[in-house]
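Read the structure below first, then the notes.
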Amino acid sequence: MTASGPPPVDGAPAADAHQAPSRRAAEDHPQEPRRIRAMFDVVAPRYDLLNDLMSGGVHRLWKRRLRRMAGRPRGRGLALDLAGGTGDIAAQLAAGGWAVVVCDPSEGMMAKGRDRRAGPRMRWVGGDAESLPFADGTFDLVTIGFGLRNVLDRERALAEMARVLAPGGRMLCLEFSRPAPLIAPAYGLWQTHGIPRLGAAVSGQPEAYRYLVDSIRAFPDQTTLVAWMQRAGFVDVSYRNLFFGIAAIHGGTRSVEAS
Ligand SMILES: C[S@@+](CC[C@H](N)C(=O)[O-])C[C@H]1O[C@@H](n2cnc3c(N)ncnc32)[C@H](O)[C@@H]1O
Numbered sequence: 077m078t079a080s081g082p083p084p085v086d087g088a089p090a091a092d093a094h095q096a097p098s099r100r101a102a103e104d105h106p107q108e109p110r111r112i113r114a115m116f117d118v119v120a121p122r123y124d125l126l127n128d129l130m131s132g133g134v135h136r137l138w139k140r141r142l143r144r145m146a147g148r149p150r151g152r153g154l155a156l157d158l159a160g161g162t163g164d165i166a167a168q169l170a171a172g173g174w175a176v177v178v179c180d181p182s183e184g185m186m187a188k189g190r191d192r193r194a195g196p197r198m199r200w201v202g203g204d205a206e207s208l209p210f211a212d213g214t215f216d217l218v219t220i221g222f223g224l225r226n227v228l229d230r231e232r233a234l235a236e237m238a239r240v241l242a243p244g245g246r247m248l249c250l251e252f253s254r255p256a257p258l259i260a261p262a263y264g265l266w267q268t269h270g271i272p273r274l275g276a277a278v279s280g281q282p283e284a285y286r287y288l289v290d291s292i293r294a295f296p297d298q299t300t301l302v303a304w305m306q307r308a309g310f311v312d313v314s315y316r317n318l319f320f321g322i323a324a325i326h327g328g329t330r331s332v333e334a335s
């Protein structure tokens, strides 16, 4: 890490005490961590290209919106981009002045990101959202883009995000969500026929893109995510729909009282 890079982040012990019994019987779960990690390792070389093709570049606008909502660096100016993958969001935050730690369990995704986007304000750390390797109150901002959907225990991950945020720190979650009824039928057709075919053709990994569609459909709606965030200790929770609710950015503040 260079002098202008992010300050050191202390390791925190894994929170095994919170291991839910259902996790031990979760090997067949769609979000089983080892399988998810292996899947992202395999799709990593074509991940950025497919993102552009499948969204027609719209994901870039959504990420720009996220960056605007993140605002200028506050506090120590240290951000965590969780499930940061190839560092797309982190690079935007770094360009806006944040020192960013990208955290992701897929070494393949991060290796691709380091090749394309490494910079003095970016640092890369392997880790799982359910048990973050950072001390309490480390960050002033936590972002997670298209990541929460892939986590087995999402509420535990949200509690971890609240834990590693400094009191008053902000969390922003960009994720696919529940579209408005007006566009739901057309979007459903694209999900069923377009995404798996395009994904298979470009990445050669049809399974990964079937998983993408299934995980989008299974992810809870906007108001459920609001309730989860509130339970995890966030206050001032709200969301903005993007493109009629195909995606949404949820934001919350780590309450000062919880510290
Ligand atoms: C769809 S990609 C999003 C990458 C990046 N945030 C973006 O918007 O382009 C999902 C990322 O979530 C990561 N991921 C999957 N399971 C995770 C977990 N349990 N904890 C943290 N990240 C996870 C994957 O490795 C992958 O890089």
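Take the sequence shown: its position 62, counting from 1, is numbered 138 in my numbering, and each next residue is one higher. All C-beta atoms, glycine included, are put in the ideal place defined by N, C-alpha and C.
Sorting R150, D117, D164 and I112 by C-alpha distance to the C-alpha of G133 places D164 at the top. Each of F222, D104, R199 and L228 was checked against the Cα of S253, and the nearest Cα belongs to F222. Judged by beta-carbon spacing, A166 lies beyond the 8 Å limit of L217, meaning their Cβ atoms are not closer than that value.
Taken through DSSP and simplified to helix, strand or coil, T162 comes out as coil.
A distance criterion of 7 Å places the beta-carbon of I165 in contact range of ligand 1, judged by its closest non-hydrogen atom. DSSP places R143 in no beta strand (DSSP E) but in the uninterrupted alpha helix (DSSP H) bounded by V134 to A146.
Inclusion of D157 and T219 in the CB contact set at 8 Å is warranted, their separation being smaller than that value. Look at V227: its beta carbon is less than 7 Å from one of the heavy atoms in ligand 1.
G195 and V201 have their C-alpha atoms spaced approximately 14 Å apart. In this structure, DSSP gives P261 a helical state, which the three-state scheme calls helix. In the three-state reduction of the DSSP assignment, D290 falls in the helix class.
Here H269 is exposed, its C-beta having fewer than 16 other C-beta atoms within 10 Å. Judged by the Cβ position, I292 fails to qualify as a neighbour of ligand 1 at the 7 Å threshold, every heavy atom of the ligand being at least this far. A303 counts as exposed, since fewer than 16 other C-beta atoms from the protein chains shown sit within 10 angstroms of its C-beta.
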